[in-house]
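Participant: Sharing a structure here in structure tokens format.
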Ligand code: GDP
């Protein structure tokens, strides 16, 4: 997984004393791991101060210090049961693993004995609802869908009405990841957001997740900024963690947008979803 930063830090520590070259290389190493120039400089400066005061004598001191700085920047989002139905709006551009993640979440909550409903509100991409329906059948959960091209807001409205009537626990709403243009997409998502808010779903029961592909760096950060601006997000779900070489993006998203990380996708199977654990993530990142 994210061994590369840890291995690079180890090599760096082994080869150098704390001279200017060390700090330059440290900064480059952090930038290469997608932490971005500003944060990389900040971390490098903090290491410089700490090293000056003689506190970073061993490799382990150095790694712990970097890891502690990073820990401050990223928080987990923890699932809390709330009044039913809980509505989870799942957002993200096409290809990030949104459908797979919804299926994994459906599987996860279904196994916990919750009544899960899928709402196929990506009516723009042909076959999106078919794909979701296939998962619903396999997992054994219900789905609300309408014809391709119909109003996504109407799908969400129907899903909530129907879940309320049947006392279902969790609605996972799939949304479009692409439309004619970005403005259309964001406007559509804002409409859905308003419909949910008008359906008397309390803030505790309504959460918005952005699905991001961990293998993309700066791109993921820009997507997060865009979606967060349009419909204030609650948390991020990271996919393809199993094939990501860098982990820095997560920390930048946590730091820049103040968004916690909820789940991490570690493969293509329904069981390949973990709750985000900052300790484990950071020990993977810097060990
Ligand atoms: P969507 O367009 O965002 O709905 O993306 P899909 O759910 O269709 O996923 C796109 C591709 O990414 C598929 O081949 C998935 O199997 C794959 N995928 C999704 N999540 C993960 C993950 O956590 N790890 C890996 N390795 N592949 C994933």
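Numbering (UniProt numbering), first residue to last: 1 to 287.
All residues carry an ideal CB built from backbone N, CA and C; glycine is no exception.
1) Using the Cβ count rule (16 or more neighbours within 10 Å means buried), how would you classify residue 127?
2) Check residue 107 in the structure and name its three-state DSSP category.
3) Please confirm whether residue 213 and residue 224 have their CB atoms less than 8 Å apart.
4) Sorry if obvious, but does the Cβ on residue 270 come closer than 7 Å to a heavy atom of the ligand GDP?
5) Should residue 89 and residue 175 be called a contact, given that it needs their Cβ atoms to be closer than 8 Å?
6) Between which residues of its own chain and residue 179 is the CB-CB distance below 8 Å, once the five residues before and five after are set aside?
7) Between 51, 53, 153, which lies nearest to residue 196 when the distance is taken from Cα to Cα?
8) Taking DSSP's pairing of strands, which residues face residue 185 in a bridge?
9) Counting only the same chain and skipping the five closest in sequence on each side, list residues whose C-beta sits under 7 Å from that of residue 222.
10) Taking 7 Å as the line, does the beta carbon of residue 266 fall inside it for any heavy atom of the ligand GDP?
11) Since residue 262 and residue 77 are thought to touch, with beta carbons under 8 Å apart, how far apart are those beta carbons, to the nearest angstrom?
12) Check whether the region 226–236 and the region 35–54 are in contact - that is, three or more C-beta pairs closer than 8 Å.
13) With hydrogens ignored, establish whether the beta-carbon of residue 97 is closer than 7 Å to any heavy atom of the ligand GDP.
14) Just to confirm, are residue 265 and residue 97 a CB contact at a threshold of 8 Å?
15) At what residue ranges does the region 55–132 contain a whole run of the alpha helix (DSSP H), taking only runs of 4 or more?
16) Whose C-beta lies closer than 8 Å to the C-beta of residue 149 among residues of the same chain, with five residues either side of it excluded?
17) If you scan the region 219–250 from start to end, which runs of the beta strand (DSSP E) of 3 or more residues do you find wholly inside it?
18) To the nearest angstrom, report how far apart residue 139 and residue 46 are at their CA atoms.
19) Report yes if the C-beta of residue 110 is less than 7 Å from at least one heavy atom of the ligand SAM; otherwise report no.
20) Please determine whether the Cβ atom of residue 29 lies at a distance below 7 Å from any heavy atom of the ligand GDP.
21) Return the first residue and the last residue of the beta strand (DSSP E) that residue 265 is part of.
22) In the DSSP assignment, find the beta strand (DSSP E) that holds residue 213 and state where it starts and stops.
23) How far does the alpha helix (DSSP H) with residue 43 in it extend, from its first residue to its last?
24) Does the distance from the CB of residue 210 to the CB of residue 95 come in under 8 Å?
25) Compute every distance between the C-beta of residue 175 and the non-hydrogen atoms of the ligand GDP, then say whether any falls below 7 Å.
Facilitator: Considering the structure as presented:
1) exposed
2) helix
3) no
4) no
5) yes
6) 124, 185, 188
7) 153
8) Partner(s): none; residue 185 has no beta bridge.
9) none
10) yes
11) 4 Å
12) no
13) yes
14) yes
15) 59–71, 98–111
16) 123, 124
17) 235–239
18) 49 Å
19) Within the structure as shown, the ligand SAM is missing, the only ligands being the ligand GDP.
20) no
21) 261–265
22) 206–213
23) 37–52
24) no
25) no
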